[in-house]
Structure formats: structure tokens, C-alpha cells
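Note that UniProt numbering has the sequence shown beginning at 1, numbered continuously upward. Contents: one structure, followed by commentary.
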Amino acid sequence: MLEKEGRVYSVAKSGYYALPVSSSSPYVSGNDLLETVYVSARHPDMLVLSCDEPAFLLSLDSPLLLLERELVRQYPRQLQSLSQPCGELELRTALAARYTSSPVRCWHADDVYIGADLRGVLEILIAVLGLAGATVVVESPCDWGILRLLQTAGVRVLELPLQDNGCLDLDALSHLLESEVVRLVMLSSGISMPMGSLMPASDRRRVAQLLELHDCWVLENDIYGELAFEQIQWRFRDLVDAERLMVFSTFEKIIGPEAPYGYLLSRHSSAELQRHFLLRSFRLSPIRQKAIARLYTSGRFDQHLQVLRRMLKERMQHMTQLLHERLADSLQFILPAGGATVWVRSLRPVDVRRVFQRMLNQRILVAPGELFSIHGLHSQSLRLSHACCSGTHDLDAALSCLADALRLEMLE
1 MLEKEGRVYS VAKSGYYALP VSSSSPYVSG NDLLETVYVS ARHPDMLVLS CDEPAFLLSL
61 DSPLLLLERE LVRQYPRQLQ SLSQPCGELE LRTALAARYT SSPVRCWHAD DVYIGADLRG
121 VLEILIAVLG LAGATVVVES PCDWGILRLL QTAGVRVLEL PLQDNGCLDL DALSHLLESE
181 VVRLVMLSSG ISMPMGSLMP ASDRRRVAQL LELHDCWVLE NDIYGELAFE QIQWRFRDLV
241 DAERLMVFST FEKIIGPEAP YGYLLSRHSS AELQRHFLLR SFRLSPIRQK AIARLYTSGR
301 FDQHLQVLRR MLKERMQHMT QLLHERLADS LQFILPAGGA TVWVRSLRPV DVRRVFQRML
361 NQRILVAPGE LFSIHGLHSQ SLRLSHACCS GTHDLDAALS CLADALRLEM LE
């Protein structure tokens with residue numbers, strides 16, 4: 001098995017040997033910071049504090065695969081092979097029911113589109129809306145994967161920085177909507193990641209009213225919508241015109257890597273969306289999708305979610321306590337309202353890239369804040385994961401190294 005994984009190789013009449021580590025540094029990959037993060041995260045002896053994988057703490061992979069095996073025995077092979085280009089009907093129905101909050105805010109299976117991964121779904125969305133060359137406003141900091149995807153597609157991205165309390169500057173947003181031809185505004189449904197902040201309900205309502213005033217399309221990012229520690233009163237999809245709304249998310253953050261599918265909810269452009277999904281021909285296992293649907297309809301997903309939220313909150317509290325004890329004189333942070341990471345900012349100007357490199361030399365990987373912007377914002381910030389350490393000792397030691405790296409950087 002180790003040989004198949006590429007970790008050892010065999011020599012005839014001699015035995016098995018570990019594959020040598022490349023002579024070139026695994027921690028540095030040119031000037032592309034994001035590439036360096038990706039390459040370093042794959043190194044076996046790296047403590048990865050850069051990731052954002054809530055399901056690392058507790059996944060549904062095992063129950064999902066067990067349910068899938070049961071369904072394989074129930075469904076004949078010819079039924080398994082029937083093509084549904086927009087996703088398995090049972091799963092689309094389950095998602096539509098989950099997102100329906102009232103007779104007015106109602107979704108149907110035909111409004112739901114499922115793809116192999118989130119990137120593929122967003123690529124279709126960009127094509128259907130014709131966003132290449134158009135202007136899109138996003139919250140900042142913003143997920144680096146989404147930012148890079150928009151850049152690659154030729155979308156003009158305007159970043160609107162979030163305040164520490166999770167609010168947007170309404171005057172700045174109003175100015176953008178009045179002075180620019182904005183095709184779309186992308187907003188978080190609940191907690192705004194990577195900051196982990198939660199916009200107050202009153203501010204959320206004012207933002208929705210402003211967007212309605214300008215007849216602006218809203219793309220709601222619901223990737224972390226279920227991972228808030230407390231109940232969220234209003235989401236943007238409850239406040240804006242459903243005819244100018246699209247919602248996207250993925251199963252992976254909560255269920256785990258065995259459910260990498262992305263999905264989109266939209267009441268409009270159905271013919272174009274269906275055509276693009278048909279042409280894209282995502283090869284999705286109908287049985288795996290049925291198994292995910294059964295996790296929802298049986299209540300197993302919600303049971304899992306409750307436990308996962310509690311574990312994430314406990315991990316967050318432990319990390320923030322350590323940050324107070326070890327780094328109160330060098331870092332500030334806002335207490336996250338959910339998710340698996342903490343967003344920290346240096347109290348004094350430092351070269352965060354050099355701090356990043358110092359940590360890398362200690363085999364500890366953190367995520368520099370500049371990755372979450374395409375206009376050079378957040379250069380004094382870092383994202384730290386509290387879900388990916390196997391034990392409290394690892395986290396304690398890692399934060400001690402971070403304190404040393406910041407102290408050395410301030411002295412130079």
C-alpha cells in the first residue's frame with residue numbers, strides 16, 4: 001500500500017526503501033506565495049495551521065460510505081447509470097427543502113444544480129452570467145480559491161473591506177454601486193470567513209435594502225452558513241429579492257472529503273444553467289448523492305452538525321486563550337463567531353512574509369493575510385486553524401514558535 005501511495009520503492013532482492021525527499025526545498029516554490037502554501041501543506045512532517053477544514057475534527061465520511069454500500073445493494077446497476085446532468089433528484093429535493101424557510105422563500109428541486117466540485121459550479125455560473133470583463137464586488141478578506149477563479153475568468157474584482165465587527169462600510173458600498181457598473185455583489189450568508197465575523201442583523205437588513213435600491217444581483221456564499229456557533233437571525237437570502245439571488249455552497253466543509261460536490265441554487269437562467277451542466281457532463285455517482293440526501297432526510301446530518309459546532313467552539317476557545325497568554329503583546333484578533341480558524345493581525349508593522357518563512361523553517365505552515373486579497377490588503381494578518389492540530393501540545397508549541405517569529409521580526 002505504501003508503494004502505491006508513492007512513499008516507498010522496492011529494490012529486487014534487497015527490500016523496500018523510503019523515497020528520498022527532493023533536494024529542492026519543499027517549502028519554497030518561486031515567488032508565488034499560494035503555490036508555496038500548497039506545496040508545503042503536502043509535506044509529511046509539516047504542521048499545517050493554514051488549512052480551513054472543519055470536518056478534519058469530525059467527518060461523516062464513514063457513515064456516508066456505509067450508507068452508500070447499503071444503497072448499492074438496493075438499486076439495480078441500470079438505475080445507477082441513469083444520467084441526471086444537474087444532479088441526483090433525491091439530493092436536489094433534500095437541498096431545496098433545507099433552504100426553504102417559508103411559502104414565500106421557497107425552493108424547488110429544479111432550482112438546485114450539483115457539480116463535481118465548487119470550482120466547476122462557479123465556472124458555470126461565471127459563464128452563464130457572462131461575468132468575464134464585468135465588475136463584481138466581494139467582501140474582503142475573501143477565500144483565495146474564489147479570488148483566483150474570478151481573476152482567471154477575467155472578472156474585475158472590487159474588494160470591500162469588512163470592519164472588525166463584521167459590518168460593511170455602507171457609504172463605501174453605496175459609492176461603488178453609484179460610481180461603477182456592478183454586475184454582482186458576493187456576500188456571506190452568515191459568518192464571513194476567514195475573519196469569522198458575523199454582521200449584526202440590523203446592518204444585514206440595511207445592506208439588503210441598499211442592494212434592492214440599486215437592483216443589484218446578489219451571490220450568497222453559504223459555504224460556512226451552517227458553521228456559526230449561535231443561531232443566525234437573518235441571512236441575505238431571507239432579505240433580498242429571490243429573483244436576483246443565487247446561492248452556492250459545498251458539502252465538503254461539514255461532511256468531509258468524500259463529499260466534495262459543489263451546488264448552486266437559482267430561480268432564473270434555468271435553460272442556460274441546464275445547458276452548461278449538460279455540456280460540462282460532471283461524472284457524479286448517483287448512489288453517493290443518494291447517500292448524502294439520506295444523511296439530510298434522516299436527521300443524521302443535523303446531529304453531526306451539532307457535535308461539530310460544539311467541538312469547533314471548544315477548539316476556538318482553547319486557541320484564543322493561548323493567543324491571549326502568548327501573543328497579547330504582538331497580535332490582536334476578533335473572537336470568531338464560527339468556523340475552524342482565527343484571523344489575527346499584528347499590532348506593529350512587520351514583514352509577514354518573513355514571519356511566514358520563519359514558521360516554515362520550523363515546519364509550521366500558516367496562511368498570510370495577503371492571500372485573501374488581490375489588491376494587497378491584509379498584509380499584516382494571518383489565518384490560523386484550530387481544527388487541524390492533532391493535539392493541544394502541537395498547538396501550544398506552534399503558537400510559541402509564532403510568538404518567537406514575531407518577536408525576532410520586530411527586533412530586526
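Built from N, CA and C at the ideal position, the CB exists for glycine as well. This one's a predicted model, so the numbers in the text were calculated from it and none came from an experiment.
Discussion item. Cutting at 8 Å between CB atoms, please list the residues of its own chain near residue 422, excluding the five before and the five after it.
Written reply: Only positions 1 to 412 of the chain appear in this structure, which leaves residue 422 out of reach.
Worksheet item: What does a CB cutoff of less than 8 Å around residue 98 pick up in its chain, not counting 5 residues either side in sequence?
Response: Residue mapping note: residue 98 aligns to position 98 of the sequence shown, counting from 1. Hits under 8 Å: 296.
Discussion item. If the criterion is Cβ atoms closer than 8 Å, does the pair residue 283 and residue 124 meet it?
Written reply: Along the sequence shown, read from residue 1 onward, the residue named residue 283 stands at position 283. Along the sequence shown, read from residue 1 onward, the residue named residue 124 stands at position 124. No, these two residues do not count as a Cβ contact at 8 Å.
Discussion item. Can you give me the C-alpha to C-alpha distance between residue 301 and residue 112, rounded to a whole angstrom?
Written reply: The residue labelled residue 301 in the question sits at position 301 within the sequence shown. The residue labelled residue 112 in the question sits at position 112 within the sequence shown. Cα-Cα distance, rounded: 19 Å.
Worksheet entry | Nearest-angstrom Cα separation, counted from residue 377 out to residue 354 | Position 354 of the sequence shown, counted from the first residue, corresponds to residue 354. Position 377 of the sequence shown, counted from the first residue, corresponds to residue 377. Each residue's alpha carbon lies about 17 Å from the other.
Practice prompt. Give the DSSP bridge partners of residue 135, in chain order.
Written response: Counting from one through the sequence shown, the residue named residue 135 turns up at place 135. Answer is 156 and 182, bridged to residue 135.
Worksheet item: Among 181, 309, 318 and 239, which has the Cα closest to the Cα of residue 101?
Response: Position 101 of the sequence shown holds residue 101. Minimum Cα distance to residue 101 is reached at 239.
Worksheet entry | Residue range of the beta strand (DSSP E) that includes residue 114 | If you number the sequence shown from 1, residue 114 lands on position 114. First-last of the beta strand (DSSP E) with residue 114: 112 to 115.
Item to complete: With residue 262 as the anchor, note down where its beta strand (DSSP E) starts and where it stops.
Response: By one-based count along the sequence shown, residue 262 stands at place 262. Looking at the DSSP string, the run of the beta strand (DSSP E) that includes residue 262 is 262 to 266.
Worksheet item: In three-state terms, what does DSSP make of residue 383?
Response: Locating residue 383 in the sequence shown gives position 383, counting from the first residue. Strand at residue 383.
Discussion item. Can you look up residue 103 in the DSSP assignment and give me helix, strand or coil?
Written reply: For the purposes of this step, residue 103 is taken as residue 103 along the sequence shown, with counting starting at 1. Residue 103: coil per DSSP, three-state reduction.
Worksheet entry | DSSP bridge partner residues for residue 93 (one or two, in chain order) | The sequence position of residue 93 within the sequence shown is 93, counting from 1. Residue 93 pairs with nothing; no bridge assigned.
Worksheet item: Skipping 5 residues on each side, what residues in its chain have a beta carbon closer than 7 Å to that of residue 396?
Response: For this step, residue 396 is matched to residue 396 along the sequence shown. The answer, listed in chain order, is 322.
Item to complete: Can you have a look at residue 266 and say buried or exposed, based on whether 16 or more other CB atoms are within 10 angstroms of its CB?
Response: Looking up residue 266 in the sequence shown gives position 266. The residue is buried, with at least 16 neighbouring Cβ atoms inside 10 Å.
Practice prompt. At 3 residues or longer, and completely inside the stretch 196 to 267: list those beta strand (DSSP E) runs for me, N to C.
Written response: 217 to 221, 245 to 250 and 262 to 266
Practice prompt. Spatial neighbours of residue 53 within its chain, please: CB distance less than 7 Å, with the 5 preceding and 5 following residues excluded, ordered by chain position.
Written response: Indexing the sequence shown from 1 puts residue 53 at position 53. Once the five neighbours on either side are set aside, the close Cβ partners of residue 53 are 340, 387 and 388.
Discussion item. As a quick exercise: from 201, 76, 67 and 31, pick the residue whose alpha carbon is nearest that of residue 288.
Written reply: Reading the sequence shown from its first residue, position 288 is the one you call residue 288. If we check each option's Cα against that of residue 288, 67 comes out closest.
Worksheet item: Would DSSP call residue 355 helix, strand or coil?
Response: In the sequence shown, counting from the first residue as 1, residue 355 sits at position 355. Three-state DSSP puts residue 355 in a helix.
Worksheet item: Helix or strand or just coil, what does DSSP make of residue 56?
Response: Residue 56 sits at position 56 when you count from the first residue of the sequence shown. Correct three-state label for residue 56: helix.
Worksheet item: Just checking my contact of residue 368 with residue 352 at CB under 8 Å: how many whole Å lie between their CB atoms?
Response: Within the sequence shown, residue 368 is the residue found at index 368, counting from 1. Within the sequence shown, residue 352 is the residue found at index 352, counting from 1. With a Cβ gap of about 5 Å, residue 368 and residue 352 count as contacting.
Worksheet item: Which residue from 163, 241, 247 and 157 puts its Cα closest to that of residue 188?
Response: Residue numbering aside, residue 188 sits at position 188 when the sequence shown is read from its first letter. With distances taken between Cα atoms, residue 188 lies closest to 247.
Worksheet item: Taking residue 337 as the reference, which of 264, 129 and 315 has the closest Cα?
Response: Along the sequence shown, one-based indexing puts residue 337 at 337. Closest by alpha carbon: 315.
Worksheet item: Buried or exposed: which applies to residue 380, given that a residue is buried once 16 or more other Cβ atoms fall within 10 Å of its Cβ?
Response: Counting from 1 along the sequence shown, the entry for residue 380 is found at position 380. With 16 or more other Cβ atoms within 10 Å, it is buried.
Discussion item. When you compare the stretch 250 to 269 with the stretch 56 to 64, are there three or more beta-carbon pairs, one atom per stretch, that lie closer than 8 Å?
Written reply: yes
Fill in: Identity of the residues DSSP links to residue 365 by a beta bridge
Mapped onto the sequence shown, residue 365 falls at position 365. In DSSP, residue 365 forms a bridge with 48.
Worksheet item: Roughly how far, in whole angstroms, is the beta-carbon of residue 330 from the beta-carbon of residue 403, given that I think they are within contact range, below 8 Å?
Response: Here residue 330 is taken as the residue at index 330 of the sequence shown, counted from 1. Here residue 403 is taken as the residue at index 403 of the sequence shown, counted from 1. Between residue 403 and residue 330 the Cβ distance is about 7 Å, and since that is below 8 Å, they are a contact.
Worksheet item: CB-CB under 7 Å to residue 258, same chain, minus the five flanking residues each way: which ones, in chain order?
Response: Working through the sequence shown from its first residue, we reach residue 258 at position 258. Only 61, 64 and 65 meet the Cβ criterion.
Worksheet item: To which residues of the same chain is residue 162 closer than 7 Å at the C-beta, ignoring the five residues directly before and after it?
Response: The residue labelled residue 162 in the question sits at position 162 within the sequence shown. Excluding sequence neighbours, residue 162 sits near 139, 140, 168, 192, 195 and 197.
Discussion item. Measuring straight from C-alpha to C-alpha, what distance separates residue 186 and residue 271?
Written reply: Residue 186 sits at position 186 when you count from the first residue of the sequence shown. Residue 271 sits at position 271 when you count from the first residue of the sequence shown. Whole-angstrom Cα-Cα distance: 23 Å.
Discussion item. For a test of the three-state rule: what should DSSP assign to residue 118, helix, strand or coil?
Written reply: Taking the first residue of the sequence shown as 1, we reach residue 118 at position 118. Of the three classes helix, strand and coil, the one that applies to residue 118 here is helix, per DSSP.
Worksheet item: For residue 332, does the three-state DSSP call read helix, strand or coil?
Response: Position 332 of the sequence shown, counted from the start, is the residue given in the question as residue 332. In the structure shown, residue 332 sits in a strand (DSSP, three-state: E or B).
Worksheet entry | Proximity winner among 290, 48 and 234, relative to residue 73 (alpha-carbon distances) | Numbered from 1 along the sequence shown, position 73 holds the residue referred to as residue 73. Comparing Cα-Cα distances from residue 73 to each of 290, 48 and 234, the minimum goes to 290.
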